[in-house]
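**Student:** Below is one structure. I have some questions about it.
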Amino acid sequence: MKLKYLLEGRVLLMCGVVCLMISFQGLSQEHPNLILTKAGVEKIRAELGNVPLFDASLKDVKAEVDAEIALGIDTPIPKDFSGGYTHERHKRNFLILQKAGVLFQILEDDRYAKYIRDMLFQYEAMYEGLPIHPQERSYARGKLFWQCLNDSNWLVYVSQAYDCIYDWLPEKERNQLEKNLFRPFADYISIENPQFYNRVHNHSTWGNAAVGMIGLVMNDDELIHRALYGIEDDGLDANAKDNDGGFIKNEDGKAGFLANIDEPFSPDGYYTEGPYYQRYAMYPFLIFAEGLHNVRPELKIFAHKDSVLLKSVNTLLNLSDADGEFFPLNDGQKGMSYYSRELVTAVDIAYHYGGHDPQLLSIAEKQGQVLLDDAGLSVAVGIRDGKAEPFVKKSNNLTDGPDGEQGGVGILRYGQEELTLVFKYAGQGLSHGHYDKLSFSLYEKGNEIMQDYGLARFVNIEQKGGGNYLKENTSWAKQTIAHNTVTQNETSHFKGEYEIGSKHHSDLYFFDASHSDIQAVSAKETNAYPGTELHRTMAVINDENFEKPFVLDIMKITSDTENQYDLPYYFMGQVMSTNFEYESPALEILGKENGYQHLYLEGKGKPSSENIKLSWLGNGNFYTLTSVTNPSDEVLFTRLGANDPEFNLRRDAAIMLRRKNTNNTV
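Residues in the sequence shown are numbered from 8 upward in steps of one, following the numbering used here.
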């Protein structure tokens, strides 16, 4: 009997050991598993030499990384703003580390793994004793960089490099890196800086992705949960603000990666901060989503919120002109386009995981490069096999807000982008939003006819405010008078106060693009000025009696009181002629505040008939603005540049229609 029980005990013990082994094996992971997979790497190696665009991209990346390896490793003590040497060196390091990682996996050349290991250990040696960055401008200072945002950039890219050499490194070295570098790094940008991490904003998206990606590589459930859902008890003041004047804490208290998908994106895939920051945030959104798809497929991240991440790529591409440059709505840098590295990533991932839309292949062809991963190979093979179709941009109405009920952006296009009207009636756009309800911009092909100023910043130019936002971004670029819309009594919409503006949005009256020769959009704004309703209707019309299509603009104002209304048109070009008399007085400044202090009055006139005409030459084409006027109206020519001793503003021109002592008018 004893022998029988003993044997049963051994069987139970052996079963326990076997079950325990199975349990731990279930927790083990293969590497790489973020943007590359073992199966994907094998497929890539098998296709080398057979896929021209992938081969060319590999050749370019290899040459770039080999040149950096030849220069040696430099991890300087941080001290500079963006544009300065230490900032740009650490930025260059994380970009090269990521590329070296994929080269190691694809080419199986240990030089790249050694380069990554050696640089990571230099960072490991310096990180523990590294103080907070000496530049004090940011509301959330980093360590390697002046703000936690850039530290998060570093970790998003470096996580991918670490994933690529994970199995190559001895366990002891992995433990050392994770204990002394990666875990403290992740904790610093999150637990120690909740004001940066625990919010709904493009900054936090980078932070969430950084913590989540290193968590995926390390198989750290706590970090992954923190990335997806934020920090539960952050202790943040509900009234705290960031450097741009926006509230840090969300009203509903939600935070984390999923909240950053749910709230800023509308069902149409429009990102409330605008195209510029949608472009910037697409990288962490899609790279982390790809990692989650590979490691945590049960989350079905690409299906989240009706597949809005994948949908948003097409939306963003539609928010560009004929040259691929994004419309500079809100804080937007002109010239940023779908040729940026973020959009190479976005297009490749959207194609690979979003049903192989052949129109995306034509964008990838223009980009001339692909990611060196599973998605990039998929795109390159599709192009090789002749599957590309032209990406057709159409007129569309993009809603704003998490439920699509906070206004939007209407885009009217005629023909093959011969004329494109961008009409903004959206929500505030978080802290990067402008006070520009019912504003518009106009394009002919890739040329601006009527411009949106965009942001006041020289990105990565250290001599200009450390490459950061300039004070003129607040005093000029965000103000209503900087846009092609109505300003009442020389005061910006919502008094230029974020606390008010963030509570309101304009409302769509109608959008109709069903007839190619007459397309129109109309919206109302009732909160920008209490007691005043603004109702603007704009149409793009093609008529056989005109050589080219034209724009009809009707602004109706209804108010309880008499006011002064200013409606500027920021035209791009050189004045040719007018049908009214005007004087050019000694240069004087138009006003004292709300953006007016930055405008010179260059000319002043009165209508001589029932309408005024202004003709100008821009980009080799002639344009004419015709406006119905009243006899008492004033016509002003303005030039930007007053009170700008550091020459931070462009010297842009406008014609402004001024109507005084009026309540209801059109």
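All residues carry an ideal CB built from backbone N, CA and C; glycine is no exception. All of these numbers come straight from a predicted model, not from anything done at the bench.
Spatial neighbours of Lys256 within its chain, please: C-beta separation below 6 Å, excluding the five flanking residues on both sides.
**Tutor:** Stepping through the sequence shown from its first residue, residue 256 is reached at position 249. Closer than 6 Å at Cβ, skipping near neighbours: Leu243, Ala245.
**Student:** Any idea what DSSP makes of Gly474, helix, strand or coil?
**Tutor:** Translated into positions along the sequence shown, residue 474 becomes position 467. DSSP places Gly474 in helix when its eight states are reduced to three.
**Student:** Determine which residues share a DSSP beta bridge with Trp623 and list them.
**Tutor:** Counting from 1 along the sequence shown, the entry for residue 623 is found at position 616. Looking at the DSSP assignment, Trp623 forms a beta bridge with Val582, Tyr630.
**Student:** Can you name, in chain order, every residue of its own chain whose Cβ lies under 6 Å from the Cβ of Val673, other than the five neighbours on each side?
**Tutor:** Residue 673 sits at position 666 when you count from the first residue of the sequence shown. Result list for Val673: Lys563, in chain order.
**Student:** Enumerate in chain order the residues of its own chain whose CB-to-CB distance from Thr565 is below 6 Å, with the five nearest sequence positions on each side excluded.
**Tutor:** The residue given as residue 565 occupies position 558 in the sequence shown. Taken in chain order, the residues that qualify are Glu540, Asn671.
**Student:** State the beta-bridge partners of Phe557 as determined by DSSP.
**Tutor:** Start at 1 with the first residue of the sequence shown, and residue 557 comes out as number 550. According to DSSP, which records beta bridges pairwise, Phe557 is partnered with Ile548.
**Student:** Alpha helix (DSSP H) containing Glu131: first to last residue?
**Tutor:** Numbered from its first residue, the sequence shown carries residue 131 at position 124. Element bounds for Glu131: 117–134.
**Student:** DSSP three-state call for Met663: helix, strand or coil?
**Tutor:** Numbered from 1 along the sequence shown, position 656 holds the residue referred to as residue 663. Residue state, collapsed to three classes: strand.
**Student:** How about Val165 and Gln112: do their beta carbons lie closer than 8 Å?
**Tutor:** Walking along the sequence shown from the start, residue 165 turns up at place 158. Walking along the sequence shown from the start, residue 112 turns up at place 105. No, they are not a contact pair.
**Student:** Leaving out the 5 sequence neighbours to the left and right, which residues in its chain are closer than 7 Å to Phe88 when beta-carbon positions are compared?
**Tutor:** Reading the sequence shown from its first residue, position 81 is the one you call residue 88. By the criterion of a C-beta distance shorter than 7 Å, Phe88 is surrounded in its chain by His94, Gln142, Trp153, Glu469, Gly473, Gly474, Asn475, once the five residues flanking it on both sides are discounted.
**Student:** Just checking my contact of Leu445 with Tyr432 at CB under 8 Å: how many whole Å lie between their CB atoms?
**Tutor:** Looking up residue 445 in the sequence shown gives position 438. Looking up residue 432 in the sequence shown gives position 425. With 8 Å as the limit, Leu445 and Tyr432 qualify as a contact, their Cβ atoms being about 6 Å apart.
**Student:** Taking the alpha carbon of Glu396 as the point to measure from, which residue in His363, Pro409, Leu384 has its own alpha carbon closest?
**Tutor:** Position 389 of the sequence shown, counting from 1, holds the residue named residue 396. Of His363, Pro409, Leu384, the residue nearest in Cα terms is His363.
**Student:** To the nearest angstrom, report how far apart Asn601 and Phe309 are at their CA atoms.
**Tutor:** Your numbering for residue 601 matches position 594 in the sequence shown. Your numbering for residue 309 matches position 302 in the sequence shown. If I take the Cα positions, the gap works out to 43 Å.
**Student:** Give me the Cα-Cα distance between Lys452 and Asn404, rounded to the nearest whole angstrom.
**Tutor:** To locate residue 452, count along the sequence shown from 1; it is residue 445. To locate residue 404, count along the sequence shown from 1; it is residue 397. Between the alpha carbons of Lys452 and Asn404 lies a gap of roughly 19 Å.
**Student:** Within 10 Å of its beta-carbon, does Ala288 have 16 or more other beta-carbons around it, so buried, or fewer, so exposed?
**Tutor:** As a first step, residue 288 is located in the sequence shown; it is residue number 281 there, counting from the start. Its Cβ being crowded by 16 or more others within 10 Å, Ala288 is buried.
**Student:** Beta strand (DSSP E) containing Asp519: first to last residue?
**Tutor:** Walking along the sequence shown from the start, residue 519 turns up at place 512. Segment 514–522, the beta strand (DSSP E) holding Asp519.
**Student:** By how many angstroms is the C-alpha of Glu506 removed from the C-alpha of Tyr236?
**Tutor:** In the sequence shown, counting from the first residue as 1, residue 236 sits at position 229. In the sequence shown, counting from the first residue as 1, residue 506 sits at position 499. If I take the Cα positions, the gap works out to 26 Å.
**Student:** Is the Cβ-Cβ distance between Thr585 and Pro614 less than 8 Å?
**Tutor:** Along the sequence shown, read from residue 1 onward, the residue named residue 585 stands at position 578. Along the sequence shown, read from residue 1 onward, the residue named residue 614 stands at position 607. Not in contact: Thr585 and Pro614 (Cβ atoms no closer than 8 Å).
**Student:** Out of Gly411, Ala535, Ile268, Leu594, which has the shortest C-alpha to C-alpha gap to Ala649?
**Tutor:** On the sequence shown, residue 649 is found 642 positions in, with the first residue counted as 1. Across the set Gly411, Ala535, Ile268, Leu594, the C-alpha of Leu594 shows the shortest separation from the C-alpha of Ala649.
**Student:** From this set, Gly436, Ala77, Tyr92, Val109, which residue's C-alpha is nearest Phe61's C-alpha?
**Tutor:** Looking up residue 61 in the sequence shown gives position 54. Per the Cα distances, Val109.
**Student:** Kindly list the residues whose CB is nearer than 8 Å to the CB of Gln374, restricted to its own chain and excluding five residues on each side of it in sequence; keep chain order.
**Tutor:** Against the sequence shown, residue 374 aligns to sequence position 367. Tyr345, Tyr346, Leu350, Val351, Val354.
**Student:** Exposed or buried, Arg206, counting other C-beta atoms within 10 Å across all chains shown (16 or more means buried)?
**Tutor:** Residue 206 sits at position 199 when you count from the first residue of the sequence shown. Per the 10 Å Cβ criterion, buried.
**Student:** Per DSSP, Pro575 is paired with what?
**Tutor:** Along the sequence shown, read from residue 1 onward, the residue named residue 575 stands at position 568. DSSP lists Met663 as partners of Pro575.
**Student:** Helix, strand or coil: which one does DSSP assign to Lys186?
**Tutor:** Locating residue 186 in the sequence shown gives position 179, counting from the first residue. Helix, per DSSP.
**Student:** Would you list the one or two residues that DSSP bridges to Leu449?
**Tutor:** Residue mapping note: residue 449 aligns to position 442 of the sequence shown, counting from 1. Looking at the DSSP assignment, Leu449 forms a beta bridge with Leu428, Met457.
**Student:** Apart from the five residues on each side of it in sequence, which residues of its chain come closer than 6 Å, Cβ to Cβ, to Val58?
**Tutor:** Taking the sequence shown and counting its residues from 1, the one referred to as residue 58 is at position 51. For Val58, where only same-chain residues beyond five positions count, the Cβ hits under 6 Å are Ala387, Val388, Arg391.
**Student:** What residues in its chain sit with their C-beta under 6 Å from that of Asp459, if we drop five residues either side in the sequence?
**Tutor:** One-based indexing of the sequence shown puts residue 459 at position 452. Excluding positions up to five away in sequence, the list reads Pro335, Ser448.
**Student:** Would you grab the beta carbon distance between Thr279 and Gly434 for me? Rounded to a whole angstrom, and I think it's under 8 Å.
**Tutor:** Taking the first residue of the sequence shown as position 1, residue 279 is located at position 272. Taking the first residue of the sequence shown as position 1, residue 434 is located at position 427. About 6 Å separates the two Cβ atoms, so the contact holds.
**Student:** One question on the structure: do Ile84 and Gln129 come within less than 8 Å of each other, judged by their Cβ atoms?
**Tutor:** On the sequence shown, residue 84 is found 77 positions in, with the first residue counted as 1. On the sequence shown, residue 129 is found 122 positions in, with the first residue counted as 1. Cβ distance not < 8 Å, so Ile84 and Gln129 don't count as in contact.
**Student:** Compute the Euclidean distance between the alpha carbons of Ile409 and Ala357, then round it to the nearest angstrom.
**Tutor:** Indexing the sequence shown from 1 puts residue 409 at position 402. Indexing the sequence shown from 1 puts residue 357 at position 350. Contrary to the premise, residue 409 reads as Pro rather than Ile in this sequence. Roughly 21 Å between the two C-alpha positions.
**Student:** Are the stretch 545–556 and the stretch 638–654 in contact at 8 Å, needing three or more beta carbon pairs?
**Tutor:** Short answer: they don't touch.
**Student:** Hey, could you find the ends of the alpha helix (DSSP H) Lys50 is sitting in?
**Tutor:** In the sequence shown, counting from the first residue as 1, residue 50 sits at position 43. Here the alpha helix (DSSP H) through Lys50 covers 45–54.
**Student:** Since I believe Pro282 is in contact with Leu223 (beta carbons under 8 Å), could you give me their beta-carbon distance rounded to a whole number of angstroms?
**Tutor:** Residue numbering aside, residue 223 sits at position 216 when the sequence shown is read from its first letter. Residue numbering aside, residue 282 sits at position 275 when the sequence shown is read from its first letter. About 29 Å separates the beta carbon of Leu223 from that of Pro282, a gap too long to meet the 8 Å contact definition.
**Student:** The beta strand (DSSP E) with Phe334 in it runs from where to where?
**Tutor:** The residue labelled residue 334 in the question sits at position 327 within the sequence shown. Counting along the chain, Phe334 falls outside any beta strand (DSSP E), and DSSP gives it neither H nor E.
**Student:** Are Gly219 and Phe295 close, meaning C-beta to C-beta below 8 Å?
**Tutor:** On the sequence shown, residue 219 is found 212 positions in, with the first residue counted as 1. On the sequence shown, residue 295 is found 288 positions in, with the first residue counted as 1. Closer than 8 Å, so yes.
**Student:** Can you give me the C-alpha to C-alpha distance between Val466 and Asn668, rounded to a whole angstrom?
**Tutor:** The residue given as residue 466 occupies position 459 in the sequence shown. The residue given as residue 668 occupies position 661 in the sequence shown. Distance between the alpha carbons of Val466 and Asn668: 42 Å.
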